[in-house]
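Counting with the working numbering, you get residues 1 to 341 for the letters of the sequence shown.
For reference, the structure is listed below as structure tokens.
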Amino acid sequence: MSGDRIRMALVGRGPQLDDLLAGLDIRSHFLRLRVSHVVDLDAAPGNRELCRRLDLPPPSPRMAALREGARPGLILARGLTAQEEEELHRLAGPATPVLGAGQEAFLQNLLQLMEKNRALALDSRRLKEIRRQLNLFVQTAPLAVYVKDTKHRYLLLNSHARHILGLGKQDVAGQDDSQVYSGAGVLWLRELEQAAMETGQILCATGTLPAPAQEIRAQVTIFPIVENGITTSLYGLIEDITELYEKERKLHKVDEQLDETQKYLREVLENSRDMIFLTDPDGSILSFNNGAVTSLGYSRQEVIGKPADSLCETPTEFTALFSKALREGHAVRYEARFRTR
């Protein structure tokens with residue numbers, strides 16, 4: 001043995017050994033195996049050169065070379081006579097397996113298993129590195145981030161998340177939302193996390209978090225961590241939108257009040273006994289209240305969209321004052337005579 005690598009010997013005759021050497025990519029396929037002995041009973045010059053190119057020991061023409069140096073743990077043999085195979089088994093001893101041409105299928109299965117084991121080991125190392133980088137991101141990112149397992153229990157809560165939720169240095173590992181939020185469940189958040197686990201998709205939702213310090217309005221984005229097709233954990237990104245939510249709520253309330261005021265003004269204008277009509281900046285009539293209909297005798301259908309100065313006995317005076325009002329931005333009061341129907 002050499003560390004955790006198994007020594008292997010290759011034994012055969014010229015062409016058969018040549019095929020064995022050429023058909024084996026020693027470096028990529030044998031993984032934890034190392035060729036320690038090569039025996040070519042025909043001493044073919046081509047095999048010596050091939051061993052040199054593959055960085056293998058130079059071939060020996062004698063089977064007895066297998067007893068020189070550290071003994072191999074596995075022997076591959078090709079092209080031997082029955083007598084030579086018998087001698088090889090005697091030299092190998094009962095503890096060293098000898099794989100001949102008839103055991104090709106066994107050897108291929110062995111190599112495939114070793115390849116799969118190596119791939120799994122590489123994946124495992126890669127996943128560990130990804131997990132390490134993710135945890136580093138959670139701890140150092142200027143964002144509020146938490147990590148939960150698939151049973152909705154907290155694994156990690158970074159300092160920014162603790163600050164937003166008002167948790168201080170409280171240890172939350174292994175706790176669920178009802179424990180972190182003092183008995184209050186957060187159904188919308190649990191449903192969001194469950195949906196992310198089931199679909200494997202990144203999901204986002206907005207709701208209320210009953211933090212110990214004060215209730216906050218939060219937007220939460222859930223990132224499911226999937227390993228080998230299975231969700232193993234959840235990463236949550238919390239954005240405190242309480243201030244924005246309050247501003248939007250106040251703005252909505254102001255909009256409602258404006259709507260009510262406009263509705264009231266429209267009713268006052270519509271039902272006033274005074275003659276009131278509205279125009280656009282070009283002077284075209286937009287509205288014509290009941291007072292105007294009664295005073296002038298025109299129906300709304302007759303005047304809507306027409307120039308307002310067409311209702312005046314002196315259109316040029318109205319046009320001049322209308323332009324002045326637009327230019328100076330304030331009301332202009334004057335007397336005018338209107339034409340009735």
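We put the CB at the ideal spot given by N, CA and C, even for glycine.
Quantities reported herein were computed from a predicted structural model and do not represent experimental measurements.
Using the C-alpha atoms, what's the distance from residue j back to residue i?
i	j	result
R273	G291	5 Å
I276	V254	27 Å
V186	P210	8 Å
N158	N228	27 Å
L31	L143	With a pLDDT of only 48 at L31, under the threshold of 50, the placement of this residue in the model should not be trusted; the figure read from the coordinates follows. The alpha-carbon atoms of L31 and L143 are separated by roughly 44 Å.
F318	S284	13 Å
Q257	E248	14 Å
R217	L192	16 Å
D149	Q194	11 Å
G236	V147	6 Å
R27	A64	Residue confidence is low: R27 scores 42 on pLDDT, short of 50, so the model does not pin down where it sits. Its coordinate-derived value is still stated next. Going by the C-alpha atoms only, they are around 26 Å apart.
P15	E49	14 Å
V138	R53	49 Å
K324	V293	26 Å
I304	I164	57 Å
H252	E215	21 Å
T261	E246	22 Å
C51	T140	53 Å
R327	A320	11 Å
L91	R125	41 Å
D347	G329	Outside the shown range of the chain, which is 1 to 341, sits residue 347, and nothing can be said about it.
G168	K250	31 Å
E85	D123	41 Å
G93	R131	48 Å
R300	D280	16 Å
H89	P45	26 Å
Please name the residue or residues paired with residue i in a DSSP beta bridge.
i	result
Q219	T206 and E239
I75	A9 and V98
A144	I238
P212	Paired residues: none, contrary to the question.
L156	V147
P307	S284
I225	S233
V39	V11 and S60
R34	R7
Less than 9 Å between the C-beta atoms of residue i and residue j, yes or no?
i	j	result
R71	T96	yes
D176	R162	no
L136	I225	no
G200	T231	yes
V145	I241	no
V220	L244	no
G166	A196	no
I75	A9	yes
D55	N47	no
L296	L311	yes
V98	A77	yes
T314	A336	yes
P57	A43	no
L127	S233	no
R341	E302	yes
L265	S287	no
In terms of residue numbering, what span does the alpha helix (DSSP H) encompassing residue i cover?
i	result
S287	Not the alpha helix (DSSP H): S287 falls in the beta strand (DSSP E), residues I285 to F288.
R337	That residue, R337, is in no alpha helix (DSSP H); it is neither H nor E in DSSP.
L56	Neither: L56 is in no alpha helix (DSSP H) and is coded neither H nor E.
L189	L187 to T199
E85	A82 to A92
S178	D177 to V180
Going by CA-CA distance only, name the one from the options that's closest to residue i.
i	options	result
R333	E243, H252, G200 and F322	F322
P61	A213, V38 and R78	V38
G69	K306, P315 and V35	V35
L17	R266, G79 and H330	G79
C204	E215, F223 and A213	F223
N289	T279, S182, G305 and N271	N271
G73	S287, R7 and Y264	R7
E198	S178, K151, E215 and R131	K151
P87	G12, R125 and S124	As written in the sequence, residue 87 is Glu, which differs from the Pro given in the question. If we check each option's Cα against that of E87, G12 comes out closest.
K306	R327, D282 and G329	D282
Got a sec, what are the start and stop residues for the beta strand (DSSP E) residue i sits in?
i	result
T279	F277 to T279
K324	Looking at the DSSP string, K324 is not in any beta strand (DSSP E); the run it does join, the alpha helix (DSSP H), is P315 to E328.
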